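Respectively, the protein sequence lines represent chains A and B. Residue numbers for the first sequence follow the UniProt record's numbering, beginning at 1 and rising by one. Residue numbers for the second sequence follow the UniProt record's numbering, beginning at 1 and rising by one.
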Amino acid sequence: MTGSIHWPTAVLVAVTMLLLWLAVWLLRRSRRRGFISETDRATYATLHTASLASRHLGEGLTPEAAERAGRHLLAILGAHAVSIATPGSVLSWTGTGEHHRSLAVPFGERTLETGRTVAHGGEDVACSDPDCPVRMAVTAPLVSDDLVIGTLTAWTEHSSPGLTRATEEVAAWVSSQLALAELARTRNQVVEAELRALRAQISPHFIYNSLAAIASFVRTDPDRARELLLDFADFTRYALRTGGTFTTLAEELRNVERYLVLEQARFGDRLSVSLLVAPEVLPVSLPYLAVQPLVENAVRHGLATKEGTGHVTITATDLGAEAEIAVEDDGVGTDPERVRTILDGARATDSVGLGNVDARLRQVYGDEFGLVVETAPGAGTKVSFRVPKFAPGVHAQA
Amino acid sequence: MNHPLSLAAVVLVCLTTLAVGGLGLRLSRRTSDFYVAGRTVSPRLNASAIGGEYLSAASFLGVAGLVYGAGVDMLWLPVGYTLGYLVLLVMVAAPMRRSGAYTLPDFAEARLGSRAIRLVSSVLVVAIGWLYLVPQFQGASLTLTLVTGAPSWVGGFVVMVVIAAAVGAGGMRSITFVQAVQYWVKLTALAVPAFVLLLLWFRDGHPAPVVPPDWNVPLTPTGPGDHPTYRTASTVLALCLGTMGLPHVLVRYYTNPDGVGARRTTVTVIALLGTFYLLPPVYGMLGRVAFPVLPEGVRSDSVVLRLPGDLVGGLGGDLLTAMLAGGAFAAFLSTASGLAMSVTGVLDQEVLRPRLARFTGGDAPGVRGFRYAAVAAVVIPYVLSRVTEPLGVATTVGLAFAVAAATFAPLIILGVWWRRLSTTGAMAGLLVGGVATTASLGTTMARDDLGGWPAALLANPALWAVPLAFAVAVVVSLATPGRIPASTTRTLVRLHTPERVRLARSRIRD
Numbered sequence: 001m002t003g004s005i006h007w008p009t010a011v012l013v014a015v016t017m018l019l020l021w022l023a024v025w026l027l028r029r030s031r032r033r034g035f036i037s038e039t040d041r042a043t044y045a046t047l048h049t050a051s052l053a054s055r056h057l058g059e060g061l062t063p064e065a066a067e068r069a070g071r072h073l074l075a076i077l078g079a080h081a082v083s084i085a086t087p088g089s090v091l092s093w094t095g096t097g098e099h100h101r102s103l104a105v106p107f108g109e110r111t112l113e114t115g116r117t118v119a120h121g122g123e124d125v126a127c128s129d130p131d132c133p134v135r136m137a138v139t140a141p142l143v144s145d146d147l148v149i150g151t152l153t154a155w156t157e158h159s160s161p162g163l164t165r166a167t168e169e170v171a172a173w174v175s176s177q178l179a180l181a182e183l184a185r186t187r188n189q190v191v192e193a194e195l196r197a198l199r200a201q202i203s204p205h206f207i208y209n210s211l212a213a214i215a216s217f218v219r220t221d222p223d224r225a226r227e228l229l230l231d232f233a234d235f236t237r238y239a240l241r242t243g244g245t246f247t248t249l250a251e252e253l254r255n256v257e258r259y260l261v262l263e264q265a266r267f268g269d270r271l272s273v274s275l276l277v278a279p280e281v282l283p284v285s286l287p288y289l290a291v292q293p294l295v296e297n298a299v300r301h302g303l304a305t306k307e308g309t310g311h312v313t314i315t316a317t318d319l320g321a322e323a324e325i326a327v328e329d330d331g332v333g334t335d336p337e338r339v340r341t342i343l344d345g346a347r348a349t350d351s352v353g354l355g356n357v358d359a360r361l362r363q364v365y366g367d368e369f370g371l372v373v374e375t376a377p378g379a380g381t382k383v384s385f386r387v388p389k390f391a392p393g394v395h396a397q398a
Numbered sequence: 001m002n003h004p005l006s007l008a009a010v011v012l013v014c015l016t017t018l019a020v021g022g023l024g025l026r027l028s029r030r031t032s033d034f035y036v037a038g039r040t041v042s043p044r045l046n047a048s049a050i051g052g053e054y055l056s057a058a059s060f061l062g063v064a065g066l067v068y069g070a071g072v073d074m075l076w077l078p079v080g081y082t083l084g085y086l087v088l089l090v091m092v093a094a095p096m097r098r099s100g101a102y103t104l105p106d107f108a109e110a111r112l113g114s115r116a117i118r119l120v121s122s123v124l125v126v127a128i129g130w131l132y133l134v135p136q137f138q139g140a141s142l143t144l145t146l147v148t149g150a151p152s153w154v155g156g157f158v159v160m161v162v163i164a165a166a167v168g169a170g171g172m173r174s175i176t177f178v179q180a181v182q183y184w185v186k187l188t189a190l191a192v193p194a195f196v197l198l199l200l201w202f203r204d205g206h207p208a209p210v211v212p213p214d215w216n217v218p219l220t221p222t223g224p225g226d227h228p229t230y231r232t233a234s235t236v237l238a239l240c241l242g243t244m245g246l247p248h249v250l251v252r253y254y255t256n257p258d259g260v261g262a263r264r265t266t267v268t269v270i271a272l273l274g275t276f277y278l279l280p281p282v283y284g285m286l287g288r289v290a291f292p293v294l295p296e297g298v299r300s301d302s303v304v305l306r307l308p309g310d311l312v313g314g315l316g317g318d319l320l321t322a323m324l325a326g327g328a329f330a331a332f333l334s335t336a337s338g339l340a341m342s343v344t345g346v347l348d349q350e351v352l353r354p355r356l357a358r359f360t361g362g363d364a365p366g367v368r369g370f371r372y373a374a375v376a377a378v379v380i381p382y383v384l385s386r387v388t389e390p391l392g393v394a395t396t397v398g399l400a401f402a403v404a405a406a407t408f409a410p411l412i413i414l415g416v417w418w419r420r421l422s423t424t425g426a427m428a429g430l431l432v433g434g435v436a437t438t439a440s441l442g443t444t445m446a447r448d449d450l451g452g453w454p455a456a457l458l459a460n461p462a463l464w465a466v467p468l469a470f471a472v473a474v475v476v477s478l479a480t481p482g483r484i485p486a487s488t489t490r491t492l493v494r495l496h497t498p499e500r501v502r503l504a505r506s507r508i509r510d
């Protein structure tokens with residue numbers, strides 16, 4: 001059958017189709033453009049430039065961010081140069097006339113004091129270079145939390161009320177972007193503080209119960225008591241360690257094991273555990289203390305109040321580019337509505353664990369990678385989550 | 001020809017593949033013992049799995065066919081297939097594992113932090129995967145036609161359906177153990193008939209193969225326009241550097257717990273492949289003994305399957321043929337499923353999932369996108385395998401290696417070893433290498449009237465395209481020092497620091 005294909009014809013037909021499609025596409029594009037007026041287009045262009053600049057301002061007022069955002073701000077203002085300064089240092093200079101860079105700090109002083117927009121005239125911007133287009137400047141304040149944290153200066157040839165107004169507005173806009181960056185940073189700090197709280201929170205119940213269980217073995221079975229104490233020491237070292245946000249699943253499971261050994265010392269035969277772990281996913285990196293709180297939750301809320309033997313199953317499945325980890329118990333279960341409030345963080349509960357794990361997973365991998373909880377009263381609970389095998393910036397550390 | 005036994009073997013292999021795909025996780029161990037559950041895949045097991053996935057139709061049928069057809073020059077092919085892992089061992093294995101990357105686009109993103117490079121790498125992964133899938137389908141068609149007399153589209157179609165089902169179910173790929181068993185199945189299926197045939201050959205007074213004069217003299221041109229030295233050098237270079245760019249090989253390295261494990265795995269892979277590749281040349285040589293001339297219209301790729309019937313005959317011959325046919329199908333299925341899984345993953349992640357999410361407002365279940373991707377991943381190469389002029393199984397695989405060598409090899413080697421690689425430079429290298437190789441391959445497939453040096457250069461582009469891609473990447477990188485990723489030093493330190501440095505600190509209890 002292959003002999004029947006005439007190659008030149010086939011190629012010709014394919015190329016013609018491709019060209020046709022390209023032509024239609026271009027035509028459509030130009031048509032679409034026809035509906036937009038010049039003013040609208042200018043507005044859209046400005047909005048687009050602003051959105052480009054805002055992307056860089058997301059990390060706060062750093063020299064790199066100021067450098068990158070400065071390019072777009074310059075385009076919006078239409079000045080010869082734009083500089084961003086904090087008290088004492090110039091973060092960036094974009095555009096011509098960089099020999100004026102040192103002026104940016106003294107020019108900003110009055111703005112920093114008064115919080116007003118100030119125009120600087122010819123004699124302030126003295127320049128020996130006849131070709132230099134920078135003859136005057138407008139400095140506007142960057143405000144955060146009612147404090148002037150920096151200044152934005154537009155450098156140009158002739159002063160105009162329009163430029164003053166524009167500089168003021170752009171500075172206000174940059175201020176709001178910086179406020180958003182501040183908000184994002186605060187959110188991260190909250191999650192980190194929660195992680196710290198999670199570490200500290202492990203202690204009271206668990207430490208008391210573990211020590212009581214160990215104490216009960218000291219006379220009857222000193223060897224076991226010693227083993228348990230060593231496990232306890234390892235567990236606390238892992239849980240209280242500093243530095244390193246990520247670990248491997250193998251490492252995390254090892255810690256879950258220590259935890260369960262201690263819990264089993266207390267529960268004895270009432271707690272049985274089974275594992276179904278695909279060895280391929282053991283090297284996966286994930287936020288540290290992501291599995292242990294789920295197991296602790298299963299033991300404390302699922303099984304502690306249940307009569308008879310409780311069963312906890314931990315599964316790790318390979319899904320190609322992702323791994324799925326699930327913790328399931330056949331305990332008393334709970335009302336889904338209650339779980340929802342815990343995960344929303346709307347109510348203060350004793351289950352900091354679940355909400356925190358959920359928040360950290362979302363923060364690292366995005367919203368589609370949060371916790372999934374399946375539960376109903378009397379039907380047990382299954383908590384699962386997925387992690388991608390690779391995510392930029394995620395590296396396990398010991 | 002009609003062999004019910006062989007048909008049974010093929011059906012058995014297909015059904016096993018489907019069953020394993022359907023069972024999925026149920027094969028992994030349920031235990032209450034953390035020590036058992038936490039045991040990572042050993043380098044030996046992982047190496048067998050890599051071998052099982054790597055040994056494809058080209059190795060099982062193609063190499064013997066080429067040795068039969070073109071003589072001792074082709075002995076370089078198995079050498080090259082194995083040599084690729086030596087390069088991988090020395091230059092890439094451990095740093096790649098330490099980078100934490102699961103796929104090649106992951107590595108590109110981890111090293112260069114650029115979405116654009118990730119996208120180009122993804123396109124290349126799909127292209128190489130498809131190119132490598134084409135000969136698998138061709139080999140399957142060939143085998144099934146020979147065994148049952150079915151029309152030539154059937155075999156590839158069967159493999160396509162089985163793979164789409166197994167990958168769509170999602171289980172097949174994940175299981176290292178299954179792929180590891182595949183290696184031993186293939187080795188046995190090829191080794192047992194080989195030994196029987198060799199014994200018979202000795203018993204018959206080991207007659208010398210009947211060969212044309214240039215068959216057993218290395219590097220003799222077959223005609224005025226043939227350049228065997230260039231052709232061989234180019235092929236070996238492509239195989240050496242192409243292995244690291246094969247999408248289905250790299251993902252297996254993720255299973256290793258650390259860089260040391262990755263190196264151990266690679267050493268074992270070299271040993272396993274070395275053992276396996278002793279066998280195909282035996283078939284090529286015995287083929288020359290049995291069939292001095294092949295009948296008109298018979299492809300040399302089928303020599304392996306024809307030998308037992310001719311030399312042994314009877315029930316014994318049928319049994320051996322069944323063994324080979326089953327082994328060959330195992331080869332197509334394991335390689336094709338590995339490739340299809342990689343291509344599916346990329347299609348799903350980079351193309352389908354964002355689109356589906358946009359059309360349905362995030363309502364579409366992720367599984368559906370994955371299944372569409374699985375279908376696309378196998379249907380397109382199947383169509384390609386029907387359309388392209390059958391070039392010979394091993395030749396098409398060689399083309400896939402050439403593309404991989406000219407694109408990913410510069411990216412990976414420079415990425416791992418050169419701190420001045422810039423984003424622009426890497427992109428330029430990828431594009432130049434990709435365009436140069438695919439264009440010459442397209443020309444080769446479309447036109448067979450070139451002859452002489454143009455034909456040789458275009459059919460085996462690796463020897464000029466790989467240095468070209470390296471040079472472009474280096475020159476452009478040097479010209480754009482501003483585009484060197486800020487995190488380069490940190491990344492390189494992580495890639496090259498042995499885990500022992502870390503282990504020494506944390507290993508107190510063990």
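Each residue gets a CB set at the ideal place from its N, CA and C atoms; glycine is no exception. Keep in mind the model is a prediction, meaning the values are calculated, not measured.
Minimum Cβ-Cβ distance from residue i to chain A less than 9 Å
i: residue 345/B; result: yes
i: residue 372/B; result: no
i: residue 500/B; result: no
i: residue 209/B; result: no
i: residue 19/B; result: no
i: residue 341/B; result: yes
i: residue 168/B; result: no
C-beta neighbour in chain B for residue i, strict 9 Å
i: residue 390/A; result: yes
i: residue 253/A; result: yes
i: residue 2/A; result: Reliability of the predicted coordinates at residue 2/A is poor, the pLDDT of 47 falling under 50, and no value is obtained from them.
i: residue 56/A; result: no
i: residue 250/A; result: yes
i: residue 5/A; result: yes
i: residue 80/A; result: no
i: residue 374/A; result: no
i: residue 257/A; result: yes
Own chain residues within Cβ distance below 7 Å of residue i, not counting five before or after
i: residue 100/B; result: 110
i: residue 88/A; result: 105
i: residue 49/A; result: 72, 75, 76
i: residue 137/B; result: 156, 159, 160, 381, 382, 385
i: residue 388/A; result: 321, 322, 365
i: residue 214/B; result: 71, 220, 222
i: residue 84/A; result: 66, 70, 91, 92, 150, 152
i: residue 496/B; result: 95
Closer than 9 Å to chain C by CB, residue i
i: residue 263/B; result: Included in the structure are the protein chains A and B, with no chain C among them.
Integer Cβ distance of residue i from residue j, believed to fall under 8 Å
i: residue 43/B; j: residue 261/B; result: 5 Å
Using 8 Å as the cut-off, can you tell me whether the segment 390-407 of chain B makes contact with the segment 235-244 of chain B, which would need three or more C-beta pairs spanning the two stretches below that distance?
yes
Could you say if the segment 172-188 of chain A and the segment 100-110 of chain A meet the contact criterion of at least three C-beta pairs nearer than 8 Å?
no
Between the segment 173-192 of chain B and the segment 319-334 of chain B, do three or more beta carbon pairs fall short of 8 Å?
yes
Give, in chain order, every residue of the segment 9-20 of chain A whose Cβ lies closer than 9 Å to some Cβ of chain B.
Of all residues in the segment 9-20 of chain A, those with a C-beta nearer than 9 Å to a C-beta of chain B are 10, 11, reading in chain order.
At a Cβ cut of 9 Å, what residues of the segment 85-99 of chain A count as close to chain B, listed as they run along the chain?
So nothing in the stretch comes that close.
Determine which residues of the segment 273-291 of chain A have a Cβ less than 9 Å from any Cβ of chain B, and write them out in chain order.
For the segment 273-291 of chain A, the beta-carbon criterion of a distance under 9 Å to any beta-carbon of chain B is satisfied by 273, 274, 275, 276, 277, 278, 279, 280, 281, 282, 283, 284, 285.
Could you list the residues in the segment 101-121 of chain B with a C-beta less than 8 Å from some C-beta on chain A, going in chain order?
101, 102, 103, 106, 109, 110, 113
Given 8 Å as the limit, is there contact between the segment 245-252 of chain B and the segment 338-357 of chain B, that is, 3 or more CB pairs closer than that?
yes
Looking at chain A, which residues of the segment 435-447 of chain B have a Cβ within less than 8 Å of any of its Cβ atoms?
From the segment 435-447 of chain B, only 446, 447 have a Cβ closer than 8 Å to chain A.
Using 8 Å as the cut-off, can you tell me whether the segment 467-484 of chain B makes contact with the segment 423-438 of chain B, which would need three or more C-beta pairs spanning the two stretches below that distance?
Taking a contact to require three or more Cβ pairs closer than 8 Å, the segment 467-484 of chain B and the segment 423-438 of chain B qualify as touching.
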